[in-house]
Amino acid sequence: GENVEQHPSTLSVQEGDSAVIKCTYSDSASNYFPWYKQELGKRPQLIIDIRSNVGEKKDQRIAVTLNKTAKHFSLHITETQPEDSAVYFCAASTNYGQNFVFGPGTRLSVLP
Amino acid sequence: ETGVTQSPTHLIKTRGQQVTLRCSSQSGHNTVSWYQQALGQGPQFIFQYYREEENGRGNFPPRFSGLQFPNYSSELNVNALELDDSALYLCASSSGTGLSYGYTFGSGTRLTVV
Numbered sequence: 001g002e003n004v005e006q007h008p009s010t011l012s013v014q015e016g017d018s019a020v021i022k023c024t025y026s027d028s029a030s031n032y033f034p035w036y037k038q039e040l041g042k043r044p045q046l047i048i049d050i051r052s053n054v055g056e057k058k059d060q061r062i063a064v065t066l067n068k069t070a071k072h073f074s075l076h077i078t079e080t081q082p083e084d085s086a087v088y089f090c091a092a093s094t095n096y097g098q099n100f101v102f103g104p105g106t107r108l109s110v111l112p
Numbered sequence: 113e114t115g116v117t118q119s120p121t122h123l124i125k126t127r128g129q130q131v132t133l134r135c136s137s138q139s140g141h142n143t144v145s146w147y148q149q150a151l152g153q154g155p156q157f158i159f160q161y162y163r164e165e166e167n168g169r170g171n172f173p174p175r176f177s178g179l180q181f182p183n184y185s186s187e188l189n190v191n192a193l194e195l196d197d198s199a200l201y202l203c204a205s206s207s208g209t210g211l212s213y214g215y216t217f218g219s220g221t222r223l224t225v226v
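Chains A and B, in that order, are what the protein sequence lines are.
Anchor point for the first sequence: position 23 equals 23 in our numbering, and the numbering is continuous, going up by one each time.
Anchor point for the second sequence: position 34 equals 146 in our numbering, and the numbering is continuous, going up by one each time.
As structure tokens, this is what we get:
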């Protein structure tokens, strides 16, 4: 079955700097890749997603890139702010969104 | 709020007991998926219900079972609780099973097995 790896497990950046989180997946049939942000004690919230027919997608300070050949995708956050501090999860879906396989998460800390 | 509600928010059970968790899907959503999130880990897919039928299942034993009702609300039942079942249980609803449909998580039920 699908396996999703995520790096790094923790990331600290200075406010205003960029943060990059990388994920790899194993199943070439995966066709949908969402990213979720989870603050302490709260539910995961979708922040951006990308489909396999697109190489890059951007939404204000957040962007995601997908390399289907290498089977990896990345989350880029620019001009980081303290409220970006949270755990970020990548996920991959092999069955048109029926179920997601999540990565283990990255704890991002934005230092003031 | 998202419109997906889960109850109870917190629960403490003893090993060997049974538990039922509930999820009310967002209005207009006919698909409910359940995930288990252990502390410090990503959510793991348990199963999905679409129009009252199970529509996919992850790698969980049969003691994890579910139901979906005509109003599309859902229950997750866990029998013979084990200590490792302690986790945050998340319910997500969507208006279909395909890529075109949004996926909204509820706030979860935190289950502690002692």
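The beta-carbon is built from N, C-alpha and C at its ideal position, and this holds for glycine as well.
Since the structure is predicted, the reported quantities are computational estimates derived from the model, not experimental observations.
Amino acids of chain A, ordered along the chain, whose beta-carbon sits closer than 8 angstroms to that of residue i
i, result
"Ser-219 of chain B", "Lys-42 and Arg-43"
"Phe-157 of chain B", "Asn-99, Phe-100 and Val-101"
"Gly-170 of chain B", "Asn-99"
"Gln-180 of chain B", "Residues of chain A passing the Cβ test: none, with the nearest at roughly 15 angstroms."
Within 9 angstroms, strictly: CB atoms of residue i and residue j
i, j, result
"Phe-33 of chain A", "Ala-91 of chain A", "yes"
"Gln-14 of chain A", "Thr-80 of chain A", "yes"
"Thr-216 of chain B", "Gly-115 of chain B", "yes"
"Leu-133 of chain B", "Glu-187 of chain B", "yes"
"Ile-62 of chain A", "Ile-47 of chain A", "yes"
Status (buried if at least 16 other CB within 10 Å, exposed otherwise) for residue i
i, result
"Gln-130 of chain B", "exposed"
"Gln-6 of chain A", "buried"
"Val-168 of chain A", "Residue coverage of chain A in this structure runs from 1 to 112, which leaves residue 168 of chain A outside it and unanswerable."
"Gln-38 of chain A", "buried"
"Pro-120 of chain B", "exposed"
"His-122 of chain B", "exposed"
"Thr-126 of chain B", "exposed"
Where residue i meets chain B, residues with beta-carbon distance less than 9 angstroms
i, result
"Gly-105 of chain A", "Gly-152, Gln-153 and Gly-154"
"Leu-46 of chain A", "Gly-214, Tyr-215, Thr-216 and Phe-217"
Bridge-paired residues (DSSP) for residue i
i, result
"Leu-11 of chain A", "A:Leu-108"
"Ala-91 of chain A", "A:Phe-102"
"Tyr-36 of chain A", "A:Leu-46 and A:Phe-89"
"Gln-180 of chain B", "B:Ser-186"
Contact list for residue i against chain A, beta-carbon separation under 9 angstroms
i, result
"Leu-202 of chain B", "Arg-43 and Pro-44"
Listed by chain order, chain A residues near residue i by CB distance under 7 angstroms
i, result
"Ser-205 of chain B", "By Cβ distance, chain A contributes nothing, its closest Cβ being about 12 angstroms from Ser-205 of chain B, past 7 angstroms."
Residue i CB to nearest heavy atom of the ligand ADP below 8 angstroms
i, result
"Gln-130 of chain B", "This structure does not include the ligand ADP; it has no bound ligands of any sort."
Residue i: contacting residues in chain B (beta-carbon distance under 8 angstroms)
i, result
"Phe-89 of chain A", "Gly-154 and Pro-155"
> What residues in the stretch 121-150 of chain B have a beta carbon less than 7 angstroms from any beta carbon of chain C?
Replying inline: In the structure shown, chain C does not exist; the protein chains are A and B.
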